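Asks: Just so we're aligned: 238 in the UniProt record's numbering is position 238 of the sequence shown, and the numbers increase by one with no gaps anywhere.
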Amino acid sequence: MFLTPTSQCIDECVTIPGYYGTTENGKKVCKKCGVANCETCNEQGKCSVCKDGFYGESCSKCHESCKNCGGATAEDCTECPSGKALKYDTTGNKGTCGDGCTPATGTEAGSCKTCDLTVGGTKYCSACNVATEYPQNGVCTSKTARATNGCKDGTVTGGVCKSCSDGFFLMDGGCYETGKYPGKSVCTSAPTGGTCTSLASGYYLNSGTLVTCGAGCAECTNSDSCTTCASGYVKLTSAATCTKCDAGCATCTTAASTCSTCADGYYLSNSKCIACDKSDGSIAGVKDCLSCAAPSGSTGPVLCYLVKDGTAGGSDPNLSSGAIAGISVAVIVIVGGLVGFLCWWFICRGKA
């Protein structure tokens, strides 16, 4: 058990966002990560995972166009926000984030006829205008312009591919790699045969082609019938699709309002998720509480692990740069005024 900043006991410090567990003076305690914008710290307090939009050991800010990156410029993006597609550079590891697929008419090389594939909120090409081209990693390119050929020779027809090469998998008329977006979002292994052998949650194989399940579905046999719902969704009785759990519910059972676990900032009470600062029945919420659990016996105040007030282990006891600047200016003004007064005082007394 670890001691939280509010003197509560907790099994794992990672329950509190931005905190890690360590030992100090023989006691197990939860400490705040020393790196701003860090998602997960190791036991030494060093950042192991930055929040989206930040990179490196010090979690420096990515360019505003990137969701994740390996550097500070717009050319260093490694992942793009929803609605944007990653345009890889010659290294194939990073690139720029641009608009998703837009259909075009005519027979211009590299143009897309239909954009029926959507992955992570971004549209990708599903058929090319030029009959001998096909979508590779979601983009239409000619054979001479491709570094590697993902489609087997003789299987391109009408702007789509019918059979992919080893190391690629077939999805919506195109061939995709597991090491590049959008392929890496949906498949983790496609060693041989041009077929995905390890599907990501929310996809299924239909005659060797990867197809998207319905919204909120983790496993399905077709796009209209879900067998297992994703976390945060529930399959209602006799329903074929999944329904999103109520706000505050991390997981729910039998109904959207029947919560089994809660999101951070909520506690479980009578199968409902209640905000940490709100009361429910015999359980009392705690003002400004950010992370909590229901009390044992379901009576009394919530077990609050973290509050906004920095003196009690709050969300961020550090002052913003604006606040620091304001305080610095105020100090300079006060000191300057004091020096001026003392000079005036001694000069006047000297004249007297």
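Note that beta-carbon positions come from the ideal geometry of N, C-alpha and C, so glycine has one too.
Predicted model, so just to flag it, every value in this text is computed and none were measured.
1. Quick one: residues in its chain with C-beta nearer than 6 Å to the C-beta of K162, no 5 flanking neighbours on either side, listed in chain order?
2. At the level of alpha carbons, what is the spacing between Q8 and P103?
3. In three-state terms, what does DSSP make of D280?
4. Would you mind sorting A247 into buried or exposed? The rule is 16 or more other CB atoms within 10 Å of its CB.
5. Is it the case that the stretch 79 to 86 contacts the stretch 140 to 147, given that we only count it when at least three CB pairs across the two stretches are under 8 Å?
6. For my contact list, G150 and C128 are in at a C-beta cut-off of 8 Å; report their separation, rounded to the angstrom.
7. Quick one: using the 10 Å Cβ neighbour count with 16 as the cut-off for buried, is T6 buried or exposed?
8. What is the rounded straight-line gap between the Cα of Q136 and the Cα of T251?
9. Taking DSSP's pairing of strands, which residues face K31 in a bridge?
10. Going by DSSP, name the residue or residues bridged to E177.
11. Check the DSSP bridge columns for Y124 and list the partner residues they point to.
12. Near S189, what residues of its chain come up, given a Cβ to Cβ distance below 8 Å and the 5 sequence neighbours on each side ignored?
13. Measure the alpha-carbon distance for Y88 versus G216 and round it to whole angstroms.
14. From what residue to what residue does the alpha helix (DSSP H) around V49 run?
15. G183 lies in the alpha helix (DSSP H); which residues open and close that run?
16. Using the rule of at least 16 other Cβ atoms within 10 Å of the residue's Cβ for burial, across every protein chain shown, is V119 buried or exposed?
17. With three or more C-beta pairs closer than 8 Å as the rule, is the stretch 19 to 29 touching the stretch 269 to 285?
18. Would DSSP call T212 helix, strand or coil?
19. What separation, rounded to the nearest whole angstrom, lies between the Cα atoms of G159 and C229?
20. Could you tell me the alpha carbon to alpha carbon distance between T47 and K31, rounded to whole angstroms?
21. State the Cα-Cα distance for the pair L170 and Y176, rounded to the nearest angstrom.
22. Confirm, please, whether the CB-CB distance from A294 to L268 is below 8 Å.
23. Out of C101, C97 and G281, which has the shortest C-alpha to C-alpha gap to G297?
24. Distance check for D288 and A109, CA to CA, integer angstroms please.
25. Please list the terminal residues of the continuous beta strand (DSSP E) segment that includes Q136.
Replies: Inspection of the coordinates gives the following:
1. T155
2. 57 Å
3. strand
4. Exposed: under 16 other Cβ atoms inside 10 Å.
5. no
6. Not really, about 13 Å apart at Cβ, beyond 8 Å.
7. Its Cβ being crowded by 16 or more others within 10 Å, T6 is buried.
8. 37 Å
9. Y20
10. F168
11. In DSSP, Y124 forms a bridge with L117.
12. T178, C196, T197 and S198
13. 30 Å
14. From DSSP, V49 is part of no alpha helix (DSSP H) but of the beta strand (DSSP E) over C47 to C50.
15. Counting along the chain, the alpha helix (DSSP H) containing G183 begins and ends at G183 to V186.
16. buried
17. no
18. strand
19. 35 Å
20. Reading off the sequence, residue 47 comes out as Cys, not Thr. So the two alpha carbons sit approximately 13 Å from each other.
21. The straight-line gap from Cα to Cα measures roughly 7 Å.
22. Cβ distance < 8 Å, so L268 and A294 count as in contact.
23. G281
24. 58 Å
25. Y134 to Q136
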